[in-house]
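Engineer:
4 protein chains.
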Amino acid sequence: MSSKRVVLTGYEPWGHASENPTLDLLDRAAERNYPDIELITLRVPVEAGKITALVEDALEEYRPDVWISLGLYPGLSVIGIERTAANVKDFPVADNVGARPHDETVFPDGPFAYQATIPIKAIAEALRERGIPAKVSNSASTYLCNQIMYSALHLSRVKNLGTRAGFLHVPCSPKYVANAPYPEHEFPSMSLDLMSDAVDAAIRTSTERDTDIKAPPRGY
Amino acid sequence: MSSKRVVLTGYEPWGHASENPTLDLLDRAAERNYPDIELITLRVPVEAGKITALVEDALEEYRPDVWISLGLYPGLSVIGIERTAANVKDFPVADNVGARPHDETVFPDGPFAYQATIPIKAIAEALRERGIPAKVSNSASTYLCNQIMYSALHLSRVKNLGTRAGFLHVPCSPKYVANAPYPEHEFPSMSLDLMSDAVDAAIRTSTERDTDIKAPPRGY
Amino acid sequence: MSSKRVVLTGYEPWGHASENPTLDLLDRAAERNYPDIELITLRVPVEAGKITALVEDALEEYRPDVWISLGLYPGLSVIGIERTAANVKDFPVADNVGARPHDETVFPDGPFAYQATIPIKAIAEALRERGIPAKVSNSASTYLCNQIMYSALHLSRVKNLGTRAGFLHVPCSPKYVANAPYPEHEFPSMSLDLMSDAVDAAIRTSTERDTDIKAPPRGY
Amino acid sequence: MSSKRVVLTGYEPWGHASENPTLDLLDRAAERNYPDIELITLRVPVEAGKITALVEDALEEYRPDVWISLGLYPGLSVIGIERTAANVKDFPVADNVGARPHDETVFPDGPFAYQATIPIKAIAEALRERGIPAKVSNSASTYLCNQIMYSALHLSRVKNLGTRAGFLHVPCSPKYVANAPYPEHEFPSMSLDLMSDAVDAAIRTSTERDTDIKAPPRGY
Numbered sequence: 034m035s036s037k038r039v040v041l042t043g044y045e046p047w048g049h050a051s052e053n054p055t056l057d058l059l060d061r062a063a064e065r066n067y068p069d070i071e072l073i074t075l076r077v078p079v080e081a082g083k084i085t086a087l088v089e090d091a092l093e094e095y096r097p098d099v100w101i102s103l104g105l106y107p108g109l110s111v112i113g114i115e116r117t118a119a120n121v122k123d124f125p126v127a128d129n130v131g132a133r134p135h136d137e138t139v140f141p142d143g144p145f146a147y148q149a150t151i152p153i154k155a156i157a158e159a160l161r162e163r164g165i166p167a168k169v170s171n172s173a174s175t176y177l178c179n180q181i182m183y184s185a186l187h188l189s190r191v192k193n194l195g196t197r198a199g200f201l202h203v204p205c206s207p208k209y210v211a212n213a214p215y216p217e218h219e220f221p222s223m224s225l226d227l228m229s230d231a232v233d234a235a236i237r238t239s240t241e242r243d244t245d246i247k248a249p250p251r252g253y
Numbered sequence: 034m035s036s037k038r039v040v041l042t043g044y045e046p047w048g049h050a051s052e053n054p055t056l057d058l059l060d061r062a063a064e065r066n067y068p069d070i071e072l073i074t075l076r077v078p079v080e081a082g083k084i085t086a087l088v089e090d091a092l093e094e095y096r097p098d099v100w101i102s103l104g105l106y107p108g109l110s111v112i113g114i115e116r117t118a119a120n121v122k123d124f125p126v127a128d129n130v131g132a133r134p135h136d137e138t139v140f141p142d143g144p145f146a147y148q149a150t151i152p153i154k155a156i157a158e159a160l161r162e163r164g165i166p167a168k169v170s171n172s173a174s175t176y177l178c179n180q181i182m183y184s185a186l187h188l189s190r191v192k193n194l195g196t197r198a199g200f201l202h203v204p205c206s207p208k209y210v211a212n213a214p215y216p217e218h219e220f221p222s223m224s225l226d227l228m229s230d231a232v233d234a235a236i237r238t239s240t241e242r243d244t245d246i247k248a249p250p251r252g253y
Numbered sequence: 034m035s036s037k038r039v040v041l042t043g044y045e046p047w048g049h050a051s052e053n054p055t056l057d058l059l060d061r062a063a064e065r066n067y068p069d070i071e072l073i074t075l076r077v078p079v080e081a082g083k084i085t086a087l088v089e090d091a092l093e094e095y096r097p098d099v100w101i102s103l104g105l106y107p108g109l110s111v112i113g114i115e116r117t118a119a120n121v122k123d124f125p126v127a128d129n130v131g132a133r134p135h136d137e138t139v140f141p142d143g144p145f146a147y148q149a150t151i152p153i154k155a156i157a158e159a160l161r162e163r164g165i166p167a168k169v170s171n172s173a174s175t176y177l178c179n180q181i182m183y184s185a186l187h188l189s190r191v192k193n194l195g196t197r198a199g200f201l202h203v204p205c206s207p208k209y210v211a212n213a214p215y216p217e218h219e220f221p222s223m224s225l226d227l228m229s230d231a232v233d234a235a236i237r238t239s240t241e242r243d244t245d246i247k248a249p250p251r252g253y
Numbered sequence: 034m035s036s037k038r039v040v041l042t043g044y045e046p047w048g049h050a051s052e053n054p055t056l057d058l059l060d061r062a063a064e065r066n067y068p069d070i071e072l073i074t075l076r077v078p079v080e081a082g083k084i085t086a087l088v089e090d091a092l093e094e095y096r097p098d099v100w101i102s103l104g105l106y107p108g109l110s111v112i113g114i115e116r117t118a119a120n121v122k123d124f125p126v127a128d129n130v131g132a133r134p135h136d137e138t139v140f141p142d143g144p145f146a147y148q149a150t151i152p153i154k155a156i157a158e159a160l161r162e163r164g165i166p167a168k169v170s171n172s173a174s175t176y177l178c179n180q181i182m183y184s185a186l187h188l189s190r191v192k193n194l195g196t197r198a199g200f201l202h203v204p205c206s207p208k209y210v211a212n213a214p215y216p217e218h219e220f221p222s223m224s225l226d227l228m229s230d231a232v233d234a235a236i237r238t239s240t241e242r243d244t245d246i247k248a249p250p251r252g253y
């Protein structure tokens with residue numbers, strides 16, 4: 034059986050925040066040295082203007098079987114496996130260089146939304162089996178996380194690459210919350226060990242399964 | 034100027050709950066006796082199997098300029114003006130006759146999602162001007178509320194009716210929360226007066242404006 | 034039967050916020066013109082250094098049967114009827130003149146805590162009967178709201194006045210949330226009509242009942 | 034320097050729940066084999082009728098320098114270091130043998146409340162330094178957790194033992210949330226590793242410090 038190629042992306046620190054756990058998750062994934070997976074990890078700048086080109090270049094260069102992007106969602110309590118990417122850039126706050134588009138599309142000629150092509154229900158089940166709190170989330174919001182997810186789904190389809198793409202939102206790290214000011218000082222958190230296991234489960238499930246399972250959701 | 038025709042829908046009580054504020058909102062909207070709007074109010078059963086036919090029949094019969102559906106979202110604290118309807122039926126709980134589809138489409142041949150065609154940002158602005166807490170929400174979830182919103186958007190486009198369609202989620206009523214058991218006994222609520230004003234603002238904005246405004250979002 | 038005397042207090046606007054719903058609630062209570070209640074409404078400055086003297090002066094001057102203080106609790110979703118005032122000033126933010134005591138007592142020689150002497154369970158029941166979301170809360174926090182509640186309870190006991198004293202926390206007003214920035218833009222709110230009814234129920238219950246009822250709590 | 038004696042208590046599983054992370058925390062604390070601390074771990078039944086006698090017997094037998102009780106608080110996102118124990122039994126749900134007292138005291142002749150005598154601010158600071166999300170909480174509620182905390186504080190004072198006593202509330206474990214039904218399936222959680230470090234920091238700080246530090250709180 035041939036090796037699978039996986040691109041995993043994380044974000045550089047956002048704004049004033051001094052860390053972003055997704056970069057640690059890239060490092061931890063790389064350290065796993067998967068024998069049967071060629072893993073490419075990419076650090077993505079928090080700049081709307083650079084994301085689409087970055088995704089396009091990486092898809093062209095690596096032609097991956099699986100594309101999984103990671104993003105921090107302060108306030109989230111469980112791993113959020115995103116179902117939907119919308120063709121919307123509607124930023125509640127500016128990115129790291131001051132851009133704050135609103136009511137704009139990601140691709141003017143793209144459809145209104147894409148469904149993730151990684152097996153989201155199978156990933157949710159794999160996380161539950163490992164004892165990792167998780168849910169399928171129905172919106173990746175309208176910020177940079179949605180933009181990269183939409184870009185990966187749209188471009189892999191337009192280029193006919195067959196890449197399965199998706200997005201995981203992760204909670205704050207404990208260390209961040211322990212030192213954060215109001216109102217983040219009581220935000221939920223998740224240990225890097227557990228988040229790293231979640232990323233591993235998502236990578237394995239996405240490379241091992243051709244189709245998703247059918248399973249009832251656990252909440253609204 | 035000719036009169037506009039508006040269909041407004043609400044839900045019958047769900048499951049064990051003894052009330053649904055959306056029915057009160059239908060009554061209150063009817064009592065406004067809009068001089069320039071022909072308002073049709075529809076009570077929708079909490080049955081996945083009946084919703085699509087009900088929407089199709091009403092669109093055929095009334096050919097409305099505007100379609101606004103209302104739904105209760107226990108736990109919501111502000112009016113949620115929905116941006117997105119997904120082609121997904123993935124019910125976290127059964128409907129009133131025990132149906133609980135999961136990982137199914139609303140229309141097998143429909144696109145993955147529609148954007149609301151009522152002017153969501155202009156409605157959000159109108160609500161804010163009236164002092165009513167509101168937000169644009171990026172997911173109508175995957176339950177009956179999403180199903181009726183998707184059906185109205187898909188069928189009005191397929192039938193080329195030009196109907197502007199959308200969905201508002203509303204919080205629990207104070208009376209409901211006052212008598213609810215754990216964990217709903219501390220859920221946020223909104224008075225029927227305020228919710229009714231929100232519906233009025235949505236109807237007026239949707240009938241008076243041809244296009245939406247562009248405005249930055251206020252949160253994630 | 035002789036008339037009862039009631040002192041009702043509210044806070045002036047806090048910090049940068051342009052309004053405080055408790056002042057509106059004082060006005061609305063005064064407008065009720067209770068035939069059998071002599072109502073004194075007091076506006077309290079957001080200054081730790083002035084509160085104790087203000088309470089002492091008012092208790093001496095009016096010798097009220099009932100003392101009810103009101104305070105805003107941003108983020109609260111239901112009326113919070115406080116059970117406990119602690120002998121602690123531990124301010125998470127500064128007051129309006131920059132004072133921010135921490136780990137200090139309200140009265141160096143007072144007991145660690147007082148229980149409210151207004152009938153909190155009977156008030157909770159009265160609110161529920163009127164359809165107003167409410168709960169008994171077990172901590173008035175350690176800010177100015179706790180300070181005024183502790184002061185009223187301690188001084189009325191030390192002076193042997195027989196005053197029944199207590200505190201109600203109220204949610205944000207809808208108008209405030211409608212115009213608030215992140216993260217308050219999605220905070221729960223309650224209409225002034227409903228909050229005013231809650232204050233009325235608390236005043237009536239506190240003046241009409243000599244003892245509290247016994248009733249199970251509804252949540253944690 | 035002589036060895037310190039510490040009693041650490043956890044709860045047996047509550048009701049239908051199949052686990053309680055506090056028992057794991059007892060095991061992990063025991064495994065640390067503190068060279069300079071004599072640690073006694075106690076499993077406490079979820080029965081109001083047994084708690085006071087259990088505390089009294091343990092205080093008599095061990096005469097500990099420090100008493101720390103642990104309890105699960107589903108929905109909590111950070112370690113809650115309790116400041117206050119109230120002389121109130123007001124159970125929102127029944128205990129494991131069906132007892133559900135309301136509006137009763139823990140000790141009829143005790144004061145209304147006690148302040149924790151372990152150094153809560155120093156513990157909060159120690160947790161923050163270790164990167165563990167934590168807060169000082171102002172109410173231990175009115176259930177069994179409050180009852181054991183009040184009992185330990187009251188009895189150690191009445192018996193003049195000089196024991197420093199306190200209580201830590203902990204979040205759900207990730208494993209529990211991963212398999213929990215609505216609404217607990219999205220509750221915050223904390224890894225046992227982190228919770229165990231928090232208990233260690235609380236034990237060390239309570240045995241090493243004679244007095245608490247003064248420090249501003251971080252939230253409401």
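Chains as they are written, first to last, in the working numbering: chain A, 34 to 253; chain B, 34 to 253; chain C, 34 to 253; chain D, 34 to 253.
From the three backbone atoms N, C-alpha and C, an ideal C-beta is built for every residue, glycine too.
Label A185 (chain D) either buried or exposed according to how many other C-beta atoms from any shown protein chain fall within 10 Å of its C-beta, with 16 as the threshold for buried.
Structural biologist: As a position in the fourth sequence, residue 185 (chain D) is number 152, starting the count at 1. Buried, because 16 or more other Cβ atoms sit within 10 Å of the Cβ of A185 (chain D).
Engineer: Check the C-beta distance from A155 (chain A) over to L201 (chain A) and give it rounded, since I have them as a contact under 8 Å.
Structural biologist: Sequence index remark: in the first sequence, residue 155 (chain A) carries index 122 (1-based). Sequence index remark: in the first sequence, residue 201 (chain A) carries index 168 (1-based). The pair is not a contact, with the Cβ atoms about 14 Å apart (cut-off 8 Å).
Engineer: What residues of chain A sit near S110 (chain D), judged by a beta carbon separation below 9 Å?
Structural biologist: For the purposes of this step, residue 110 (chain D) is taken as the residue at position 77 of the fourth sequence. Per Cβ cutoff of 9 Å: S110, V210, E219, F220, P221 and S222.
Engineer: Per DSSP, which residues does Q148 (chain D) bridge with? Please list them.
Structural biologist: The residue given as residue 148 (chain D) occupies position 115 in the fourth sequence. DSSP, once it has assigned bridges, lists D:T117 as partnering Q148 (chain D).
Engineer: Please identify, using Cβ separations under 8 Å, the residues of the segment 137-167 of chain A that lie next to chain D, in order along the chain.
Structural biologist: Answer set for the segment 137-167 of chain A: L160, R161, R163, G164, I165, P166 and A167.
Engineer: Measure from the C-beta of Y106 (chain B) to each C-beta in chain C and report whether the shortest distance is under 8 Å.
Structural biologist: The residue given as residue 106 (chain B) occupies position 73 in the second sequence. Y106 (chain B) does not count as touching chain C.
Engineer: Does DSSP put V111 (chain A) in a helix, in a strand, or in coil?
Structural biologist: Here the question's residue 111 (chain A) lines up with position 78 in the first sequence. In this structure, V111 (chain A) counts as coil in the three-state DSSP scheme.
Engineer: Could you tell me whether the Cβ atoms of M223 (chain C) and P204 (chain C) are closer together than 8 Å?
Structural biologist: For the purposes of this step, residue 223 (chain C) is taken as residue 190 along the third sequence, with counting starting at 1. For the purposes of this step, residue 204 (chain C) is taken as residue 171 along the third sequence, with counting starting at 1. Against a cut-off of 8 Å, the Cβ pair of P204 (chain C) and M223 (chain C) comes out as a contact.
Engineer: Given this structure, state the Cα-to-Cα distance separating T55 (chain A) from D98 (chain A), to the nearest angstrom.
Structural biologist: As a first step, residue 55 (chain A) must be located in the first sequence, where it is residue number 22. As a first step, residue 98 (chain A) must be located in the first sequence, where it is residue number 65. Taking the straight line joining both Cα atoms gives about 21 Å.
Engineer: Of all the CB atoms in chain C, is at least one closer than 8 Å to the CB of S189 (chain D)?
Structural biologist: The count along the fourth sequence starts at 1 and reaches residue 189 (chain D) at position 156. Chain C, which has no Cβ nearer than 8 Å to the Cβ of S189 (chain D), makes this no.
Engineer: Cβ of S170 (chain C) versus every heavy atom of the ligand HEM: is any distance shorter than 7 Å?
Structural biologist: This structure simply doesn't include the ligand HEM, nor any ligand for that matter.
Engineer: To the nearest angstrom, how far is the alpha carbon of A173 (chain A) from that of A81 (chain D)?
Structural biologist: Numbered from 1 along the first sequence, position 140 holds the residue referred to as residue 173 (chain A). Numbered from 1 along the fourth sequence, position 48 holds the residue referred to as residue 81 (chain D). Going from the Cα of A173 (chain A) to the Cα of A81 (chain D) covers about 46 Å.
Engineer: For D226 (chain A), which residues in chain D fall below 9 Å Cβ to Cβ?
Structural biologist: Counting from 1 along the first sequence, the entry for residue 226 (chain A) is found at position 193. Within chain D, the residues near D226 (chain A) are S224 and D226.
Engineer: Roughly how many angstroms lie between the CA atoms of G43 (chain B) and F140 (chain A), to the nearest whole one?
Structural biologist: Taking the first residue of the second sequence as position 1, residue 43 (chain B) is located at position 10. Taking the first residue of the first sequence as position 1, residue 140 (chain A) is located at position 107. Distance between the alpha carbons of G43 (chain B) and F140 (chain A): 35 Å.
Engineer: Would you say P207 (chain B) faces chain C, with C-beta separation under 8 Å as the test?
Structural biologist: Stepping through the second sequence from its first residue, residue 207 (chain B) is reached at position 174. Closer than 8 Å to some Cβ of chain C, the Cβ of P207 (chain B) qualifies, so yes.
Engineer: Of all Cβ atoms in chain C, is any one closer than 8 Å to the Cβ of K122 (chain D)?
Structural biologist: For the purposes of this step, residue 122 (chain D) is taken as the residue at position 89 of the fourth sequence. Chain C, which has no Cβ nearer than 8 Å to the Cβ of K122 (chain D), makes this no.
Engineer: For the segment 86-101 of chain A against the segment 117-132 of chain A, are there 3 or more C-beta pairs whose distance is under 8 Å?
Structural biologist: Output reads no: the segment 117-132 of chain A does not touch the segment 86-101 of chain A.
Engineer: Would you kindly check if the distance between the Cβ of H187 (chain A) and the Cβ of R251 (chain D) is under 8 Å?
Structural biologist: The residue given as residue 251 (chain D) occupies position 218 in the fourth sequence. The residue given as residue 187 (chain A) occupies position 154 in the first sequence. Not a contact, by the Cβ cut-off of 8 Å.
Engineer: Determine, using beta-carbon pairs with one atom in the segment 121-129 of chain B and one in the segment 163-179 of chain B, whether at least three such pairs fall under 8 Å.
Structural biologist: With the cut-off at 8 Å, the segment 121-129 of chain B and the segment 163-179 of chain B touch.
Engineer: Determine whether the Cβ of G82 (chain C) lies closer than 8 Å to any Cβ atom of chain D.
Structural biologist: Position 49 of the third sequence, counted from the start, is the residue given in the question as residue 82 (chain C). Not an interface residue.
Engineer: R237 (chain D) CB to nearest chain A CB: under 8 Å?
Structural biologist: On the fourth sequence, position 204 is the one that residue 237 (chain D) refers to. Chain A contact via Cβ: absent.
Engineer: Short check: CB of V121 (chain B) to CB of N66 (chain B), under 8 Å?
Structural biologist: Translated into positions along the second sequence, residue 121 (chain B) becomes position 88. Translated into positions along the second sequence, residue 66 (chain B) becomes position 33. Cβ distance not < 8 Å, so V121 (chain B) and N66 (chain B) don't count as in contact.
Engineer: Which one of A:P214, A:T138, A:D243 and A:Q148 has the shortest CA to CA distance from I114 (chain A)?
Structural biologist: As a first step, residue 114 (chain A) must be located in the first sequence, where it is residue number 81. The residue with the shortest Cα to Cα distance from I114 (chain A) is A:Q148.
Engineer: Bridge partners for K37 (chain D) per DSSP, in chain order?
Structural biologist: In the fourth sequence, the residue the question calls residue 37 (chain D) occupies position 4. Bridge partners of K37 (chain D): D:I70.
Engineer: What three-state label does DSSP hand T85 (chain B) in the structure shown?
Structural biologist: Position 52 of the second sequence, counting from 1, holds the residue named residue 85 (chain B). Three-state result, T85 (chain B): helix.
Engineer: Just checking my contact of R161 (chain A) with A211 (chain D) at CB under 8 Å: how many whole Å lie between their CB atoms?
Structural biologist: Against the first sequence, residue 161 (chain A) aligns to sequence position 128. Against the fourth sequence, residue 211 (chain D) aligns to sequence position 178. R161 (chain A) to A211 (chain D), Cβ: 5 Å. Contact.
Engineer: What residue range does the alpha helix (DSSP H) around H187 (chain B) cover?
Structural biologist: As a working mapping, residue 187 (chain B) is identified with position 154 in the second sequence. Run containing H187 (chain B): L177 to V191, per the alpha helix (DSSP H) assignment.
Engineer: Counting C-beta neighbours from all protein chains within 10 Å, is the total for P214 (chain B) 16 or more, i.e. buried, or is it exposed?
Structural biologist: One-based indexing of the second sequence puts residue 214 (chain B) at position 181. P214 (chain B) should be labelled exposed.
Engineer: Taking its Cβ as the centre, do 16 or more other Cβ atoms sit within 10 Å of P221 (chain B), making it buried, or is it exposed?
Structural biologist: Walking along the second sequence from the start, residue 221 (chain B) turns up at place 188. With 16 or more other Cβ atoms within 10 Å, it is buried.
Engineer: How would you write the range of the alpha helix (DSSP H) that S229 (chain A) sits in, first residue to last?
Structural biologist: As a working note, residue 229 (chain A) is residue 196 in the first sequence. Per DSSP, S229 (chain A) belongs to the alpha helix (DSSP H) from L225 to E241.
Engineer: Give the range of the alpha helix (DSSP H) segment to which A62 (chain D) is assigned.
Structural biologist: Along the fourth sequence, one-based indexing puts residue 62 (chain D) at 29. First-last of the alpha helix (DSSP H) with A62 (chain D): P54 to E64.
Engineer: Measuring alpha carbon to alpha carbon, tell me which of B:G108, B:A119, B:A198 and B:E71 ends up nearest D142 (chain B).
Structural biologist: Position 109 of the second sequence, counted from the first residue, corresponds to residue 142 (chain B). Nearest option by C-alpha distance: B:A119.
Engineer: Can you list the residues of chain D that A248 (chain C) reaches, using a CB-CB cut of under 8 Å?
Structural biologist: Sequence index remark: in the third sequence, residue 248 (chain C) carries index 215 (1-based). H135 and D136, listed in chain order.
Engineer: With a threshold of 16 other CB atoms inside 10 Å of the CB of A157 (chain B), please say whether the residue is buried or exposed.
Structural biologist: As a position in the second sequence, residue 157 (chain B) is number 124, starting the count at 1. Per the 10 Å Cβ criterion, buried.
Engineer: For G164 (chain A) and V169 (chain B), I'd like the C-alpha separation in whole angstroms.
Structural biologist: Numbered from 1 along the first sequence, position 131 holds the residue referred to as residue 164 (chain A). Numbered from 1 along the second sequence, position 136 holds the residue referred to as residue 169 (chain B). Distance between the alpha carbons of G164 (chain A) and V169 (chain B) is about 34 Å.
Engineer: Could one say the Cβ of T175 (chain D) lies closer than 8 Å to chain C's Cβ atoms, at least one of them?
Structural biologist: For the purposes of this step, residue 175 (chain D) is taken as the residue at position 142 of the fourth sequence. Yes, its Cβ sits closer than 8 Å to a Cβ of chain C.
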